[in-house]
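Chemist: Can you read through this structure? Questions will come right after.
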Ligand SMILES: [Mn+2]
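In this note's numbering, the protein residues as written are 991 to 1297.
Written as structure tokens, this is what we have:
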């Protein structure tokens, strides 16, 4: 919008609280884009505070990753950008702004990480990545909700509709789902070739869904979108729409490991829907630590792959 700033202030700390030599823009392999947007939230509010809470909590995360035996972030570098200002004209205008920013920032060899914000921000992240890497771009969505409504509370850019937009750029694989409408169930039945939905009870029951995920993404470029309400409220209470019978840390990492192993490349990921609860740090810290772990898995696998 005219006269409105594209970016707001820099976060007080960068992600992980890294020293300048491990967080400068030129040499960092990972770039963090904070997206404090909250416009169509339907239940609990507060997602606009999500990026700040994740960055603040990330300062307490150990840089040493026991799986790899190294302080990985100091090797690959993580640059944190200023907060991208929402465009208050409409949700669509904000999505357009995020799309433009991501298209400018993403490039081969650099991992783009979005920190939401409500899930609507992911539409901009996915579109921006698709502009840089081309289509089809497969979306893997970790979520309690299918987000497949055509429109919700008057807006096709509601957080309840994001997966419809992911489908515009490629097939979609969803896992952890446990809250869904009749309209969405019908839509899933009508779109078996480009949409796979795996429900929480099937994953808890040990169904072999990771093999189906591996097949779905084999050799493809992937955008990974992690709605924190995919996890159980016991671990992440601070989301706008918490749903019982959710997923564990280990189940989340199993999904990420499968994508890392079988996709051609994860070109970007985002972590969305944290709505921090003052005085309760556990959700913020879980989000920060999971974000760092996903970064480590993706960057390490990239640096191991030839070419
Ligand atoms: Mn959700």
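By construction, the Cβ of each residue, glycine as well, lies at the ideal position given by its N, Cα and C atoms.
Taking only runs that begin and end inside the region 1182-1249, name each unbroken alpha helix (DSSP H) of 4 or more residues, in chain order.
Modeler: 1190-1194, 1199-1207
Chemist: So, is residue 1061 buried or exposed, given that buried needs 16 or more other C-beta atoms within 10 angstroms?
Modeler: exposed
Chemist: For a test of your reading of the model: does the CB of residue 1135 fall under 7 Å from any non-hydrogen atom of ligand 1? Yes or no.
Modeler: yes
Chemist: Is residue 1217 near ligand 1, with its Cβ less than 7 Å from a heavy atom?
Modeler: The answer is yes for residue 1217.
Chemist: Could you have a look at residue 1002 and say whether DSSP puts it in helix, strand or coil?
Modeler: coil
Chemist: Using 7 Å as the cut-off, classify the Cβ of residue 1109 as near or not near the heavy atoms of ligand 1, replying yes or no.
Modeler: yes
Chemist: Determine the burial state of residue 992: buried for a count of at least 16 other Cβ atoms within 10 Å of its Cβ, exposed for fewer.
Modeler: Reliability of the predicted coordinates at residue 992 is poor, the pLDDT of 48 falling under 50, and the value obtained from them is presented with this limitation in mind. Exposed is the call here.
Chemist: Compute the distance between the beta-carbons of residue 1119 and residue 1250, then report whether it is under 8 Å.
Modeler: no
Chemist: Helix, strand or coil, according to DSSP, for residue 1266 in the structure here?
Modeler: coil
Chemist: Give me the Cα-Cα distance between residue 1270 and residue 1115, rounded to the nearest whole angstrom.
Modeler: The straight-line gap from Cα to Cα measures roughly 29 Å.
Chemist: Check whether the Cβ of residue 1231 lies closer than 7 Å to any heavy atom of ligand 1, and answer yes or no.
Modeler: yes
Chemist: Please name the residue or residues paired with residue 1255 in a DSSP beta bridge.
Modeler: 1211
Chemist: Can you name the start and end residues of the alpha helix (DSSP H) that residue 1126 belongs to?
Modeler: Run containing residue 1126: none; DSSP gives neither H nor E here.
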